[in-house]
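J.:
Numbering (the numbering used here), first residue to last: 1145 to 1624.
(1) In chain order, what residues of the same chain have a beta carbon less than 8 Å from the beta carbon of residue 1495, not counting five sequence neighbours either side?
(2) Where does residue 1582 fall in DSSP's three states?
(3) Using only the alpha-carbon positions, how far apart do residue 1280 and residue 1273 sit?
(4) Among residues of its own chain, excluding the 5 on either side of residue 1561, which ones have a beta-carbon nearer than 6 Å to its beta-carbon?
(5) Throw me the rounded Cβ distance for the residue 1403 and residue 1442 pair, which I believe falls under 8 Å.
(6) I'd like the span of the alpha helix (DSSP H) that includes residue 1626, first residue to last.
(7) Could you say if the region 1286–1293 and the region 1490–1509 meet the contact criterion of at least three C-beta pairs nearer than 8 Å?
(8) Can you give the Cα-Cα distance for residue 1245 and residue 1301, rounded to whole angstroms?
(9) Quickly, what does DSSP pair residue 1482 with across the bridge? List them, please.
(10) Please go through the region 1278–1329 and give each complete alpha helix (DSSP H) segment of 4 or more residues, from N-terminal end onward.
(11) Residue 1499 and residue 1254 look like a contact to me (Cβ under 8 Å); what is the Cβ gap, rounded to whole Å?
(12) For residue 1189, does the three-state DSSP call read helix, strand or coil?
(13) Using DSSP with H/G/I as helix, E/B as strand and the rest coil, what is residue 1497?
(14) Cβ of residue 1620 less than 7 Å from any chain D Cβ?
(15) Counting C-beta neighbours from all protein chains within 10 Å, is the total for residue 1344 16 or more, i.e. buried, or is it exposed?
(16) Looking at C-alpha atoms only, which residue of 1306, 1271, 1319, 1355 is the closest neighbour of residue 1242?
(17) Considering only the beta carbon of each residue, do residue 1261 and residue 1501 sit closer than 7 Å?
(18) Alpha carbon to alpha carbon, what distance is there between residue 1351 and residue 1485?
(19) Per DSSP, what kind of secondary structure is residue 1409 in: helix, strand or coil?
(20) Based on the DSSP output, what are the partners of residue 1473 in its beta bridges?
(21) For my contact list, residue 1270 and residue 1497 are in at a C-beta cut-off of 8 Å; report their separation, rounded to the angstrom.
(22) Thinking C-alpha only, which one of 1557, 1563, 1553, 1535 is nearest residue 1590?
(23) If you count every other CB in all the chains shown that lies within 10 Å of the CB of residue 1512, and 16 or more means buried, which is it?
(24) Look at the alpha carbon of residue 1306 and the alpha carbon of residue 1340, and state the distance between them as a whole number of angstroms.
(25) In chain order, what residues of the same chain have a beta carbon less than 8 Å from the beta carbon of residue 1592, not counting five sequence neighbours either side?
(26) Hey, out of 1559, 1619, 1267, whose CA is closest to residue 1595's CA?
(27) Verify whether the separation of the beta carbon atoms of residue 1503 and residue 1421 is less than 7 Å.
(28) Give me the Cα-Cα distance between residue 1450 and residue 1417, rounded to the nearest whole angstrom.
(29) Between residue 1529 and residue 1288, what straight-line distance do the alpha-carbon atoms span, to the nearest angstrom?
(30) Just verifying my parser: in three-state terms, what is the DSSP assignment at residue 1491?
(31) Quick check on DSSP: helix, strand or coil for residue 1606?
(32) So residue 1244 is in the beta strand (DSSP E); what residue range does that whole segment cover?
(33) Buried or exposed: which applies to residue 1613, given that a residue is buried once 16 or more other Cβ atoms fall within 10 Å of its Cβ?
(34) What residues are listed by DSSP as bridge partners for residue 1569?
(35) Ordered along the chain, which non-local residues of its own chain (more than five positions away) have a Cβ less than 7 Å from that of residue 1448?
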């Protein structure tokens, strides 16, 4: 890990007195929130592995000394209006208490803000399917030392250690999954979790409550404009019918794998038959466990009929399942919608972060990232981020956000780079207007960057036509 010089001041802070209430050998998972009753505390006995917790509250030396100004400047030298001030007073009351908290058992108290604290913010975390790429990214050096035929099974990843993780997911469907992770303190491959805070909330430009559409592929904040756009592409979308609804004909998981997969017809029919709208959760452990050698590239297929006032048709569904779980949406008519709590993300950042933290943030929130990041760019709050991993949902990527051309994503990238952020586009989809969106190729995360030679701060990365680098041509991108 290295930190950029010349941007932020380095400060030493005394430990706050509130840490005295933490026990030295027992960790608690605290669940709180409206309608949940009093906090539930669970004792955990797992030991955390990682030297980063040997200096709790002390100085983290991860790079060259930083400017004592504590501000970043635009290219012309002017300070950004509202730029984070390291000396700004902080409220003694947390305006956004987390819904779940995990503290490693050998950590005596929370890390204090500042002093080079290493922070990961995962926004749109779902069930953690992208977290692995953030904490265990591919290593060019290890890939070069390992024969390509062994890349799928060998250790070809770097280890990025974080002191604190903030996990933000607005869809309550994933709450049980994170409760399990934060109760055991372990992620995929028994990877130990650091100090972690989970928020079942949306990030937004203000504190409010928003309409939220629950979808299989990616739940999102919705507007009346979204509903009209959806109805144009699906005549039954958003309408309530009175027909017989869904009738599952067949369903399978892992038919593309070398080892036998699962016949999910009966399970899917039990969950969805007779409904106009069904959200089905694929759970590998409920079905019988993972399919060896096929963890990141299982294909789920389903065929069902719709009998509804709006239309009658047979529907074929296919979706890639990466990891242990995924939500699949079957729709004849109807829109599953709920009201969710949203928090002012600029305010959240300024409360939880300090200019001397080293912060990596990934954001993938199905279109809401546009106004959220525009606000951070405007206020200077984006300067609290060192590395930005950004999936921009431009119009060529999906029927959503018709007012967002790919050039808007490029401009946001340029503005964040101007404010000192190391920027990477998190994913892209090949732009080809002659093909259906479902047929287009998606490229994602660190595998894409290495395979195609995508560089930091490449604001044209969504528009370039890349060719694979020969030495990394066989690396898998989303299982392809």
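Idealized CB from N, CA, C, for every residue including glycine.
Remember, predicted model here, so these are calculated numbers, not experimental data.
T.: In brief:
(1) Taking the first residue of the chain shown as 1, we reach residue 1495 at position 351. Take residue 1495, set aside five residues on each side of it, and the residues of its chain with a beta-carbon closer than 8 Å to its own are 1234, 1235, 1238, 1239, 1240, in chain order.
(2) For the purposes of this step, residue 1582 is taken as residue 438 along the chain shown, with counting starting at 1. Bear in mind that the predicted position of residue 1582 carries a pLDDT of just 42, short of 50, making it unreliable; the figure below should be weighed with that in mind. It is helical.
(3) Working through the chain shown from its first residue, we reach residue 1280 at position 136. Working through the chain shown from its first residue, we reach residue 1273 at position 129. Straight-line measurement puts the Cα of residue 1273 at about 12 Å from the Cα of residue 1280.
(4) For the purposes of this step, residue 1561 is identified with residue 417 of the chain shown, where counting begins at 1. So the list reads 1567, 1601, once near-sequence residues are dropped.
(5) Translated into positions along the chain shown, residue 1403 becomes position 259. Translated into positions along the chain shown, residue 1442 becomes position 298. Contact flag wrong, Cβ pair sits at about 11 Å.
(6) Residue 1626 is absent from the structure shown; the chain starts at 1145 and stops at 1624.
(7) no
(8) Stepping through the chain shown from its first residue, residue 1245 is reached at position 101. Stepping through the chain shown from its first residue, residue 1301 is reached at position 157. Rounded to whole angstroms, residue 1245 to residue 1301 spans 28 Å at the Cα level.
(9) Start at 1 with the first residue of the chain shown, and residue 1482 comes out as number 338. Paired residue(s): 1356.
(10) 1284–1289, 1319–1328
(11) Taking the chain shown and counting its residues from 1, one reaches residue 1499 at position 355. Taking the chain shown and counting its residues from 1, one reaches residue 1254 at position 110. Their Cβ separation, rounded to whole angstroms, is 19 Å, which puts residue 1499 and residue 1254 out of contact at 8 Å.
(12) By one-based count along the chain shown, residue 1189 stands at place 45. Residue confidence for residue 1189 is low, a pLDDT of 27 falling below 50, so the modelled location carries little weight; the figure read from the coordinates is stated next. If DSSP states are grouped into helix, strand and coil, residue 1189 belongs with coil.
(13) By one-based count along the chain shown, residue 1497 stands at place 353. Coil at residue 1497, not helix or strand.
(14) Of the chains in the structure shown, none is chain D; there is only one protein chain.
(15) Here residue 1344 refers to the residue found at position 200 of the chain shown. The residue is buried, with at least 16 neighbouring Cβ atoms inside 10 Å.
(16) Here residue 1242 refers to the residue found at position 98 when the chain shown is read from its first residue. For the residues 1306, 1271, 1319, 1355, the minimum Cα distance to residue 1242 belongs to 1319.
(17) Numbered from its first residue, the chain shown carries residue 1261 at position 117. Numbered from its first residue, the chain shown carries residue 1501 at position 357. Closer than 7 Å, so yes.
(18) Residue 1485 sits at position 341 when you count from the first residue of the chain shown. Residue 1351 sits at position 207 when you count from the first residue of the chain shown. Going by the C-alpha atoms only, they are around 8 Å apart.
(19) Walking along the chain shown from the start, residue 1409 turns up at place 265. Residue 1409: helix per DSSP, three-state reduction.
(20) Stepping through the chain shown from its first residue, residue 1473 is reached at position 329. Beta-bridge analysis with DSSP links residue 1473 to 1423.
(21) What you label residue 1270 is simply residue 126 of the chain shown in a count that begins at 1. What you label residue 1497 is simply residue 353 of the chain shown in a count that begins at 1. Contact flag wrong, Cβ pair sits at about 23 Å.
(22) By one-based count along the chain shown, residue 1590 stands at place 446. Cα-wise, what sits closest to residue 1590 is 1535.
(23) Residue mapping note: residue 1512 aligns to position 368 of the chain shown, counting from 1. Looking at its Cβ environment, which holds 16 or more other Cβ atoms inside 10 Å, residue 1512 is buried.
(24) To locate residue 1306, count along the chain shown from 1; it is residue 162. To locate residue 1340, count along the chain shown from 1; it is residue 196. Near 10 Å, if we compare the C-alpha coordinates of residue 1340 and residue 1306.
(25) Here residue 1592 refers to the residue found at position 448 when the chain shown is read from its first residue. Result list for residue 1592: 1571, 1572, 1598, 1621, in chain order.
(26) Against the chain shown, residue 1595 aligns to sequence position 451. Of all alpha-carbon atoms in 1559, 1619, 1267, the one lying nearest the alpha-carbon of residue 1595 is that of 1619.
(27) Taking the first residue of the chain shown as position 1, residue 1503 is located at position 359. Taking the first residue of the chain shown as position 1, residue 1421 is located at position 277. No; because the gap between Cβ atoms is not below 7 Å, this pair is not in contact.
(28) Position 306 of the chain shown holds residue 1450. Position 273 of the chain shown holds residue 1417. So the alpha carbons of these two residues sit roughly 10 Å apart.
(29) Walking along the chain shown from the start, residue 1529 turns up at place 385. Walking along the chain shown from the start, residue 1288 turns up at place 144. Whole-angstrom Cα-Cα distance: 31 Å.
(30) Counting from 1 along the chain shown, the entry for residue 1491 is found at position 347. In this structure, residue 1491 counts as helix in the three-state DSSP scheme.
(31) If you number the chain shown from 1, residue 1606 lands on position 462. Coil at residue 1606, not helix or strand.
(32) The count along the chain shown starts at 1 and reaches residue 1244 at position 100. Unbroken beta strand (DSSP E) run through residue 1244: 1244–1246.
(33) Mapped onto the chain shown, residue 1613 falls at position 469. Exposed, since its Cβ has fewer than 16 Cβ neighbours within 10 Å.
(34) One-based indexing of the chain shown puts residue 1569 at position 425. 1534.
(35) For the purposes of this step, residue 1448 is identified with residue 304 of the chain shown, where counting begins at 1. Cβ neighbours of residue 1448 beyond the five flanking positions: 1390, 1391, 1392, 1393, 1459, 1474.
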